[in-house]
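Residue numbers (the working numbering): 59 to 211.
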């Protein structure tokens, strides 16, 4: 069962700045909840490590991501696959950027599919936990972009 996420927000920075932030793994990845590290292979490929814990299954997820679609400065889409404690994950995350009077409107959406033992032991916890973690990421992203624009958080 895929877990889907979507939303939008506005920041007081131009689309070029927002795009540059979103496509820089060294800036974006540390905002991930339970971030452990990132290894950048090239401008479009990187591997991120995050701590994962659902029920009694805990471990480190290693997710290989690539910038699958790049339309600077209006769209960035990441696709990835990785190993998670007790299973595997495949995911897609898309950011569409639109210039607005106050800066940039960021419309984001994503989908994650988790396979393996993790899905069977997590019961109904996986989707609400996933959505909570995504919201933490989006909140962190908004705060980082707001702070970088000279605003106060």
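Ideal Cβ positions, reconstructed from N, Cα and C, are used throughout, including at glycine.
- Query: Cα-Cα, which of 173, 97, 202 is closest to residue 143?
  - Reply: 173
- Message: Tell me which residues share the same chain as residue 127 and place their Cβ nearer than 6 Å to its Cβ, disregarding the 5 neighbours each side in the sequence.
- Response: 135
- Item | Range of the contiguous beta strand (DSSP E) that encloses residue 82 | Neither: residue 82 is in no beta strand (DSSP E) and is coded neither H nor E.
- Message: So within the segment 123 to 181, which uninterrupted alpha helix (DSSP H) runs reach at least 4 residues, ignoring any that extend past its ends?
- Response: 175 to 180
- Task: Note down, in chain order, each residue of its chain lying with its Cβ closer than 7 Å to the Cβ of residue 87, except the 5 sequence neighbours on either side.
- Result: 93, 96, 106
- Query: How about residue 71 and residue 198: are their beta carbons less than 8 Å apart?
  - Reply: no
- Task: State the start and end residues of the unbroken beta strand (DSSP E) segment that holds residue 65.
- Result: 61 to 69
- For residue 187, collect the residues of the same chain with a Cβ closer than 7 Å to its Cβ; drop the 5 residues on either side in sequence, then sort them by chain order. 112
- If you compare alpha carbons, which of 61, 84, 131 is closest to residue 154? 131
- In terms of alpha-carbon separation, which member of 148, 117, 116 lies closest to residue 124? 148
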